[in-house]
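See structure below.
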Ligand code: UDP
Ligand code: MG
């Protein structure tokens with residue numbers, strides 16, 4: 072019987088320093104994966120440094136290394152999608168280039184998959200050591216909120232580092248949405264899943280691509296993609312405002328009838344107008360978020376564009 076193929080998908084954006092270290096790290100665990108052949112698939116996400124050249128060199132040196140290079144930066148989610156689409160493996164694993172996803176877990180993951188115990192082995196980090204405290208705080212709050220307002224299971228600390236069978240890859244590929252929030256998509260497709268936990272590791276080289284602001288926008292993307300709760304919230308806001316306004320009308324009519332009509336209170340009026348118009352703008356903004364996502368979906372643009380693939 073021929074060996075099964077394991078594809079390692081690595082989305083890379085400006086990872087010229089990390090990539091060679093990553094490659095060597097995988098070579099080091101390879102002897103512990105005797106039951107499979109390995110295929111590397113580097114997805115260069117429009118890097119501005121020499122990442123593409125590193126990919127080319129590795130491809131020359133080792134025929135098991137394949138790469139795809141995008142025409143510009145499309146984001147990690149697009150990189151993952153392209154990787155899954157181009158992968159040939161019976162099993163597929165997604166890994167970051169910076170070694171924050173420990174390769175030492177690979178043999179264990181493969182073990183669970185091969186035993187048929189599950190279709191997906193996912194990982195989560197149990198702590199956020201080495202991360203700014205404010206960021207960790209917001210991240211935790213985001214996951215709490217997300218799990219309250221979305222029916223899709225989105226696990227705190229879950230990484231994109233997961234190994235899956237072809238069946239699961241096909242399921243993920245069948246979700247062709249343009250606004251891709253992988254953490255949600257992985258939960259949405261379901262399948263029997265096993266979780267492995269590990270302690271946070273800091274990246275080996277280079278810098279994180281995520282500023283606080285980018286993470287914040289990413290969180291909003293996630294909410295809009297996997298929950299409609301904000302829309303309901305907007306309606307409830309509106310309803311509450313109507314009720315309050317109605318109460319005020321009653322109070323004012325009664326007061327006028329009983330005490331006459333003292334015309335006063337423009338400061339309170341200003342406050343009310345500001346408050347109500349603020350809430351209106353907020354709700355319009357929420358609506359706008361959904362509309363803009365729907366707008367992008369209907370355009371049906373490709374998720375990524377390839378500039379170079381395995382030297383061609
Ligand atoms: N990445 C990517 N495209 C991007 C940003 C990041 O392909 O636009 C890749 C990056 O090269 C790395 C992985 O996604 O392999 C995770 O990025 P990073 O380490 O910056 O994120 P963090 O681990 O800090 O969440
Ligand atoms: Mg990282």
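In this note's numbering, the protein residues as written are 72 to 383.
In this text, a Cβ means the ideal position worked out from N, Cα and C, and glycines have one as well.
Residues of its chain near residue i, where Cβ-Cβ distance is below 8 angstroms and the 5 sequence neighbours each way are ignored
i, result
"residue 357", "301, 302, 304 and 305"
"residue 96", "170 and 174"
"residue 135", "108, 109, 110 and 111"
Residue j beta carbon less than 9 angstroms from that of residue i
i, j, result
"residue 197", "residue 228", "yes"
"residue 140", "residue 114", "yes"
"residue 217", "residue 297", "yes"
"residue 179", "residue 267", "yes"
"residue 125", "residue 101", "no"
"residue 159", "residue 106", "no"
Close Cβ partners of residue i (< 7 angstroms) along its chain, the five nearest in sequence each way excluded
i, result
"residue 92", "170, 275 and 276"
"residue 290", "213"
"residue 211", "227"
"residue 248", "368"
"residue 292", "250 and 252"
Exposure label - residue i; buried when at least 16 CB within 10 Å
i, result
"residue 28", "Only positions 72 to 383 of the chain appear in this structure, which leaves residue 28 out of reach."
"residue 251", "buried"
"residue 133", "exposed"
"residue 191", "buried"
"residue 84", "buried"
"residue 254", "buried"
"residue 122", "buried"
"residue 82", "buried"
"residue 372", "exposed"
"residue 233", "buried"
"residue 194", "buried"
"residue 366", "exposed"
"residue 307", "exposed"
"residue 127", "buried"
"residue 223", "buried"
"residue 239", "buried"
"residue 318", "exposed"
"residue 172", "buried"
Straight-line Cα distance separating residue j from residue i
i, j, result
"residue 237", "residue 287", "33 angstroms"
"residue 341", "residue 347", "10 angstroms"
"residue 355", "residue 206", "28 angstroms"
"residue 130", "residue 269", "31 angstroms"
"residue 148", "residue 155", "11 angstroms"
"residue 263", "residue 189", "5 angstroms"
"residue 315", "residue 260", "43 angstroms"
"residue 142", "residue 375", "8 angstroms"
"residue 151", "residue 351", "38 angstroms"
"residue 378", "residue 116", "10 angstroms"
"residue 278", "residue 242", "32 angstroms"
"residue 90", "residue 168", "6 angstroms"
"residue 360", "residue 295", "7 angstroms"
Cutoff 6 angstroms; reference residue i; Cβ partners in own chain excluding five residues on either side
i, result
"residue 137", "112 and 381"
"residue 231", "165 and 253"
"residue 246", "256"
"residue 118", "84 and 85"
Taking 6 angstroms as the limit, tell me which residues put their C-beta closer than that to any heavy atom of the ligand MG, in chain order. Every residue passing the under-6 angstroms Cβ criterion appears here: 167, 169, 171, 274 and 279.
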